[in-house]
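Beneath this line is the structure, given in structure tokens, with notes to follow.
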Amino acid sequence: AQKVTQAQTEISVVEKEDVTLDCVYETRDTTYYLFWYKQPPSGELVFLIRRNSFDEQNEISGRYSWNFQKSTSSFNFTITASQVVDSAVYFCALSEVYNNAGNMLTFGGGTRLMVKP
Amino acid sequence: EPEVTQTPSHQVTQMGQEVILRCVPISNHLYFYWYRQILGQKVEFLVSFYNNEISEKSEIFDDQFSVERPDGSNFTLKIRSTKLEDSAMYFCASSRTGDYGYTFGSGTRLTVV
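Chains as they are written, first to last, in this note's numbering: chain A, 22 to 138; chain B, 120 to 232.
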């Protein structure tokens, strides 16, 4: 069975600080996908990134970066120079691929990030 | 950019009543999903739907729940006899292929009183 753990339930930082959100996963499959979603106070789920298990290259997108370490089953997310608008709940998710069934996502419990001015 | 549209955004219903949550997935997507999120908790998978049938469902998706794609555009989730514990945000999602990332709708907040 797959499992995603986000050990940090809540993080509070001051604007312009860097912050890393941790994500550890468990899966028996060799092929899988990892995701990060942002849930702002308005409640919708905003897609941030998708990464497949064969691609361990780290990714940077503006102030966001992701560190995928297969050896430790981790997919951590760093926000550089945080801003108040980054305040949200962030979810890490994992999907295994089922033939013709679609890819069911297993979500972690989420990390609430509060960025104070 | 194409969107998944969910209606209504908020629904209040009496315990024991039937409720139908509606979703319009992205037009060229083939896989459809429902997830729910009880307030303050994680997002949980309910069901996936492909080729006009349920392809996967979780333990949460019991006989009280059903899904339907009544026409070429809508995808609905029906809860037959709502309970207080069904109060949650329900998210619809769709994907183009089975191994591609989702697009989520903005959710329907269901409150059972």
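Ideal placement from N, C-alpha and C gives every residue a C-beta, glycine not left out.
At least one C-beta of chain A is nearer than 8 Å to the C-beta of B:E175. Taking the Cα of A:T101 as reference, the smallest distance to any Cα among A:T26, A:D39, A:V35, A:S33 is reached at A:D39. For B:E120, DSSP records no beta bridge to any residue. By the criterion of a C-beta distance shorter than 7 Å, A:D107 is surrounded in its chain by I100, L134, V136, once the five residues flanking it on both sides are discounted.
Here the stretch 110 to 119 of chain A does not lie against the stretch 79 to 88 of chain A, with fewer than 3 beta-carbon pairs under 8 Å apart. A direct Cα-to-Cα measurement between A:P62 and B:H129 gives close to 15 Å.
Between the stretch 133 to 141 of chain B and the stretch 45 to 53 of chain A, the count of Cβ pairs shorter than 8 Å is below three; the stretches do not touch. Distance from A:Y111 to A:T127 at the Cβ level is roughly 16 Å; contact not present, criterion being Cβ atoms closer than 8 Å.
Distances from the CA of B:T230 to each of B:K202, B:F210, B:N170 were compared; the closest alpha carbon is that of B:K202.
For A:M125, a Cβ of chain B is located within less than 8 Å of the residue's own Cβ. For B:T230, the secondary structure class from DSSP, reduced to helix, strand or coil, is strand.
Taking CB atoms only, B:Y209 has no neighbour in chain A less than 8 Å away.
For B:M134, there is no enclosing beta strand (DSSP E), as DSSP marks it with neither H nor E. Ranked by how close their Cα comes to the Cα of B:D182, the residues B:V166, B:I145, B:N171 have B:V166 in first place.
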